[in-house]
Amino acid sequence: MACVPNILVPTMVQNFVKQSAYGQIATVSDKNILSVRTVHLHFLPENDRFAFNTHIQSQKAQDVLSKGHLSGCYWNETEKIQFRFRAKANLISNSTNDTALLETLWLTMREETRIAYTLDHLDLPYDLSSNELPGVETRPPNHSVILFAPYYWDIHTFDPKGYRFGKRIIYELEGEQWQTEPTTLIY
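Just so you know, we're using the working numbering here: the sequence shown kicks off at 9 and counts up by one.
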């Protein structure tokens, strides 16, 4: 199962591999409460999945464990393209034995973020001076990854001539085949 229609792979690599992509992710809790937050999205072509880092105790991690789904949105300001998606999601942590993926994604985080995770794991205060900070080479067990496979893409391409000239295409995975439906931006 491909998480991206073949026609979109080059666009996904450009937007989610070659540059930083900060997008919005929405999850639903076991009490059906919706939460939205900004995450750094990564496309992993070799895994045929997307991913983002998260703390093992975060609400998004708990929501994915409970519901197994998420939705999201990413806006590329330069290209004027919006990517909306719905996806099945899994939490990857020390208990899932996918060390290589965890290590790879750990290194994608800014050093400052890795320091915060490490301080949290060691139960140290966040306001330590720089000469007291622990190293961040070793990934702590509180780091996890949410790995997800979109089954629905809603791609909006905006036109500089105006809103009404934009294009919108919905891609929906039915079985093993992506179905394509051009539609209007208005709804």
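For every residue, glycine included, the Cβ atom is placed at its ideal position computed from N, Cα and C.
Source: prediction; values computed, not measured.
Spatial neighbours of residue i in its chain, beta-carbon cut-off 6 Å, leaving aside the 5 residues before and after
i: residue 84; result: 23
i: residue 180; result: 160 and 187
i: residue 79; result: 34 and 94
i: residue 106; result: 100
Status (buried if at least 16 other CB within 10 Å, exposed otherwise) for residue i
i: residue 64; result: buried
i: residue 30; result: exposed
i: residue 195; result: exposed
i: residue 118; result: exposed
i: residue 127; result: buried
i: residue 103; result: exposed
i: residue 7; result: Outside the modelled stretch of the chain, which goes from 9 to 195, sits residue 7, for which no answer is possible.
i: residue 13; result: buried
i: residue 125; result: buried
i: residue 108; result: exposed
Nearest to residue i (by Cα), restricted to the options the options
i: residue 87; options: 194, 183, 174 and 61; result: 174
i: residue 15; options: 170, 42 and 161; result: 161
i: residue 183; options: 159, 189 and 177; result: 159
i: residue 75; options: 51, 107, 105 and 41; result: 41
i: residue 129; options: 139, 150, 19 and 110; result: 150
i: residue 44; options: 51, 121, 82 and 26; result: 82
i: residue 50; options: 178, 165 and 156; result: 156
i: residue 52; options: 166, 110 and 134; result: 110
Cβ distance (whole Å) where residue i is taken to contact residue j below 8 Å
i: residue 154; j: residue 46; result: No, residue 154 and residue 46 are not in contact; Cβ-Cβ is about 14 Å, not under 8 Å.
i: residue 141; j: residue 123; result: 6 Å
i: residue 280; j: residue 132; result: Any property of residue 280 remains undetermined from this structure, which presents the chain solely from 9 to 195.
i: residue 188; j: residue 176; result: Not really, about 11 Å apart at Cβ, beyond 8 Å.
Neighbourhood of residue i by C-beta, 7 Å cutoff - its chain only, sequence neighbours within 5 removed
i: residue 171; result: 193
i: residue 28; result: 48
i: residue 101; result: 64 and 152
i: residue 196; result: In this structure the chain extends from 9 to 195, so residue 196 is not present and cannot be described.
i: residue 21; result: 51 and 53
i: residue 166; result: 88 and 174
Cβ-heavy atom distance, residue i to the ligand SAH, below 7 Å
i: residue 154; result: The ligand SAH is not among the ligands present in this structure, which contains no ligands whatsoever.
Residues near residue i by beta carbon distance below 8 Å, same chain, minus five either side
i: residue 136; result: 127
*Just checking, does the segment 60 to 71 make contact with the segment 33 to 45 on the three C-beta pairs under 8 Å criterion?*
yes
_So, does the segment 85 to 94 touch the segment 140 to 149, judging by three or more C-beta pairs under 8 Å?_
no
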